[in-house]
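Residue numbers (the numbering used here), protein chains in the order written: chain A, 4 to 192; chain B, 4 to 192.
Quick reminder that beta carbons are idealized off the backbone N, C-alpha and C, glycines included.
Following: one structure in C-alpha cells, then a few remarks.
2 protein chains.
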Amino acid sequence: MVTQGRPLRADAERSVRAILEAAERVLAANPAASLEQIAEAAGVARTTVHRRFANRQALVDTLVTTVMDQLDAVIAAANPDTAPPLVALHQVTASVLRLKLGWPFAMTESFAPESKWAERQHRTATRCVTLLARAQSTGHIAPDADLDWTCKVYYALIGEAAHNTTEPDPDLLATKVINTLLHGAGPRP
Amino acid sequence: MVTQGRPLRADAERSVRAILEAAERVLAANPAASLEQIAEAAGVARTTVHRRFANRQALVDTLVTTVMDQLDAVIAAANPDTAPPLVALHQVTASVLRLKLGWPFAMTESFAPESKWAERQHRTATRCVTLLARAQSTGHIAPDADLDWTCKVYYALIGEAAHNTTEPDPDLLATKVINTLLHGAGPRP
DNA sequence: GCTAAATGCAACAGATGTGTCGCAGATGTT
DNA sequence: AACATCTGCGACACATCTGTTGCATTTAGC
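Have a look at this one:
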C-alpha cells in the first residue's frame with residue numbers, strides 16, 4: 004500500500020528485495036505476468052506485494068528507476084567527457100552490457116520510447132551523442148557521420164549483443180559491438 | 004466464430020479486411036489493446052470480430068501469416084540466390100523496409116523469438132545468412148566475419164531504420180542500412 | 001423481389017487481474 | 001519479555017476482457 008514511510012524492518016526489506024528480483028526475472032520472461040506470478044516467484048503472498056508497492060506501476064517504477072540510477076553511475080564512472088573516447092566507449096559498453104544482462108526487463112523498459120522515462124532516457128542519449136562526437140573529433144568516426152543514427156545503431160548493437168548467449172563476457176561483447184559500430188562487416192582494406 | 008467455411012459475401016470480406024487493417028494500426032500502438040478497441044477502429048461491432056475470427060490469437064495469426072507470406076514473396080522477387088549479392092541485398096532491404104513501415108505490428112510479432120513463428124522465421128534467417136555468405140564470397144564482407152552476428156546486426160539496423168520518421172523513402176533508408184552494415188560509422192580510409 | 005447471409009445490439013457467463021480488509025500468528029527489535 | 005511490525009490466509013468488491021447467444025434489421029446476390 005505504501006511505497007515509503009519510515010525505515011522498514013529487516014524482514015520487510017528482504018521482502019522488497021525478493022519481490023524486485025523476482026519481478027525482474029518474471030517480467031523479463033513475460034512482461035504481462037500477473038502480480039500473483041511475481042509474488043510466487045518471490046516466495047511471498049500476493050498481498051505482501053500490494054503492501055510494499057501501491058500499484059503494479061509503482062513496482063515497475065522502482066525497478067526501472069533503480070536500474071537507471073545504476074546506468075547513470077556506470078556512465079559517470081567511465082568519464083565519458085574526459086577519458087580518451089574509445090576507452091570511455093569501451094568501458095561504457097561493457098558496463099551497460101553487464102547491467103543489461105542482469106536487468107533485461109528494467110533496461111528494456113527504460114529504453115521504451117513514449118514512456119514516462121523518455122526525458123531521462125533522452126538525456127542519456129544526448130550524453131551518448133556527445134561521446135560519439137568526441138570520438139568523431141579524434142578521427143575514430145567519420146566527419147560526415149550522422150551521430151543520431153550512429154547512437155541508435157549503437158543502442159541496437161548493445162541490445163543484440165545482450166541477447167547473445169554464447170559469449171557471456173561483457174568485455175569481449177563490448178569489443179565486438181564497438182568493432183561493428185566503427186567498421187561494420189565489410190573487409191578492412 | 005469460424006475462420007474458414009465457404010466463400011464469404013462481399014460485405015463480409017470487406018469487414019475482414021477492415022478488421023485486419025484496424026488491428027494492425029491499433030496493435031502497433033498498443034499490443035495489449037482489446038478487441039473492443041480494434042472493432043471500434045474497424046468500424047464494426049465487437050461481435051463481428053468474433054464472428055470472423057475465433058480467437059484473438061486467430062486474428063493475430065492471420066495478420067502475421069499474411070505478412071510473412073508477403074515477406075517470402077518479396078525476398079523471392081529479389082533473387083537472392085542468383086542476383087549480384089549487393090543488388091539483392093539492397094532490393095531485399097528496401098522491400099522489407101516498405102513492408103515494415105506498412106505492417107509494423109505484424110512484422111515485429113513475426114520476428115519475436117520463442118513464438119510459434121520461430122521455425123519459419125529461422126528459415127528466413129538462414130536465407131539471409133546465405134545471401135550474406137554470397138556477399139562474403141564476392142569480397143564485400145570480410146572473410147572472417149561472423150555471419151550469424153552480421154545477420155542479427157542487419158535485422159537490428161532494419162528495425163532502427165523503420166523507426167526513422169524523417170526519411171520515409173525505403174530506398175534511401177536501405178542504402179543507409181547497408182552502408183552502416185558494411186562499413187560502420189568509422190572513417191573510410 | 002426473394003432468400004440467405006451478415007450485421008448491430010443487448011445481454012449473459014466465465015475467467016483473470018487488481019486492490020482492500022481483518023485477523024491470527026510469526027518475527028524483528030528494544 | 002514486551003511490543004510493534006510484518007506476514008500469510010481467506011475473503012471481498014470491482015473492473016476488464018473474452019466468448020457466446022438470440023433477435024431484429026440491413027444488405028448482397030440471384
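1) Work out the CA separation of Pro88/A and Ala80/A for me, nearest whole Å.
2) Would you call the CB atoms of Leu185/A and Gly142/B closer than 8 Å?
3) Which residues, in chain order, does the segment 18-52 of chain B contribute to contact with chain A at a C-beta distance below 8 Å?
4) According to DSSP, is Glu117/B helix, strand or coil?
5) Do Leu150/B and Leu135/B have their C-beta atoms within less than 8 Å of each other?
6) Is Leu89/A close to the ligand GTP? I mean its beta-carbon at under 7 Å from any heavy atom of the ligand.
7) Let me know if Ala164/B comes out buried or exposed under the rule of 16 or more other beta-carbons within 10 Å of its beta-carbon.
8) Against Arg191/A, what residues of chain B qualify as contacts under a CB-to-CB distance less than 7 Å, listed in chain order?
9) Should the segment 168-185 of chain B be regarded as contacting the segment 94-102 of chain B, the criterion being three or more beta carbon pairs within less than 8 Å?
10) Looking only at C-alpha atoms, which of Leu62/B, Phe56/B and Leu23/B sits nearest to Ala203/B?
11) Do Val156/B and Thr183/A count as a contact pair if the criterion is CB distance below 8 Å?
12) Look at the alpha carbon of His93/A and the alpha carbon of Ile181/A, and state the distance between them as a whole number of angstroms.
13) Give me the Cα-Cα distance between Pro116/A and Val52/A, rounded to the nearest whole angstrom.
14) Beta-carbon of Val67/B versus every beta-carbon of chain A: anything under 8 Å?
15) Beta carbon of Thr65/B, beta carbon of Phe56/B: below 8 Å?
16) Taking CB distances under 8 Å as the criterion, tell me whether Val77/B reaches chain A.
17) Give the C-beta separation of Ser113/B and Gln124/B to the nearest angstrom, bearing in mind that I take them to be a contact with Cβ-Cβ under 8 Å.
18) So with Cβ pairs under 8 Å, would you call Thr104/A a contact of chain B?
19) Using CA coordinates, which residue listed in Glu170/A, Thr127/A and Ala91/A is at the minimum distance from Arg137/A?
20) To the nearest angstrom, how far is the alpha carbon of Ile144/A from that of Met71/A?
21) Between the Cα of Glu43/B and the Cα atoms of Arg59/B, Pro34/B, Ala35/B and Ala26/B, which residue gives the shortest distance?
22) Excluding the five sequence neighbours on either side, which residues of its own chain have a C-beta within less than 6 Å of the C-beta of Pro107/A, listed in chain order?
23) If Pro173/B sits next to Leu74/B, beta carbons under 8 Å apart, how far is it from one beta carbon to the other, in whole angstroms?
24) With 16 other CB atoms within 10 Å as the buried threshold, where does Ser118/B fall?
Taking the geometry as given:
1) Locating residue 80/A in the first sequence gives position 77, where the first residue counts as 1. Locating residue 88/A in the first sequence gives position 85, where the first residue counts as 1. Ala80/A and Pro88/A: Cα-Cα distance of roughly 14 Å.
2) The sequence position of residue 185/A within the first sequence is 182, counting from 1. The sequence position of residue 142/B within the second sequence is 139, counting from 1. With contacts defined by Cβ atoms closer than 8 Å, Leu185/A and Gly142/B do not form a contacting pair.
3) Within the segment 18-52 of chain B, the qualifying residues are Ala35.
4) Position 114 of the second sequence, counting from 1, holds the residue named residue 117/B. Correct three-state label for Glu117/B: coil.
5) Counting from one through the second sequence, the residue named residue 150/B turns up at place 147. Counting from one through the second sequence, the residue named residue 135/B turns up at place 132. The Cβ atoms of Leu150/B and Leu135/B sit closer than 8 Å to each other.
6) As for the ligand GTP, it is missing from this structure, which has no ligand bound.
7) Your numbering for residue 164/B matches position 161 in the second sequence. Ala164/B counts as buried, since no fewer than 16 other beta carbons sit within 10 angstroms of its beta carbon.
8) The residue you call residue 191/A lines up with position 188 of the first sequence. Within chain B, the residues near Arg191/A are Ala145.
9) Cβ pair count under 8 Å is three or more, so yes.
10) This structure cannot settle anything about residue 203/B, because the visible part of chain B is limited to 4 through 192.
11) Counting from 1 along the first sequence, the entry for residue 183/A is found at position 180. Counting from 1 along the second sequence, the entry for residue 156/B is found at position 153. Yes, the Cβ-Cβ distance between Thr183/A and Val156/B is below 8 Å.
12) For the purposes of this step, residue 93/A is taken as the residue at position 90 of the first sequence. For the purposes of this step, residue 181/A is taken as the residue at position 178 of the first sequence. About 7 Å.
13) Walking along the first sequence from the start, residue 116/A turns up at place 113. Walking along the first sequence from the start, residue 52/A turns up at place 49. In this model, Pro116/A and Val52/A are separated by some 27 Å (Cα to Cα).
14) Within the second sequence, numbered from 1, the residue matching residue 67/B stands at position 64. The beta carbon of Val67/B does not come within 8 Å of any beta carbon belonging to chain A, so the residue lies off that interface.
15) Within the second sequence, the letter at position 62 stands for residue 65/B. Within the second sequence, the letter at position 53 stands for residue 56/B. Between Thr65/B and Phe56/B, the CB-CB gap stays under 8 Å.
16) One-based indexing of the second sequence puts residue 77/B at position 74. No, Val77/B does not count as interfacial toward chain A.
17) In the second sequence, the residue the question calls residue 113/B occupies position 110. In the second sequence, the residue the question calls residue 124/B occupies position 121. Ser113/B to Gln124/B, Cβ: 6 Å. Contact.
18) Residue 104/A sits at position 101 when you count from the first residue of the first sequence. In the sequence as presented, Thr is not what sits at residue 104/A; that position holds Leu. For Leu104/A, not one C-beta of chain B is nearer than 8 Å to its own C-beta.
19) What you label residue 137/A is simply residue 134 of the first sequence in a count that begins at 1. If you compare the alpha carbons of Glu170/A, Thr127/A and Ala91/A with that of Arg137/A, the shortest gap goes to Ala91/A.
20) Translated into the one-based positions of the first sequence, residue 144/A becomes position 141. Translated into the one-based positions of the first sequence, residue 71/A becomes position 68. Going by C-alpha positions, Ile144/A is about 27 Å away from Met71/A.
21) Start at 1 with the first residue of the second sequence, and residue 43/B comes out as number 40. If we check each option's Cα against that of Glu43/B, Ala26/B comes out closest.
22) Within the first sequence, numbered from 1, the residue matching residue 107/A stands at position 104. Excluding sequence neighbours, Pro107/A sits near Ala31.
23) Translated into positions along the second sequence, residue 173/B becomes position 170. Translated into positions along the second sequence, residue 74/B becomes position 71. With a contact defined as Cβ atoms closer than 8 Å, Pro173/B and Leu74/B miss out at about 14 Å.
24) By one-based count along the second sequence, residue 118/B stands at place 115. Taking all protein chains shown into account, Ser118/B has fewer than 16 neighbouring C-beta atoms within 10 Å of its C-beta and is therefore exposed.
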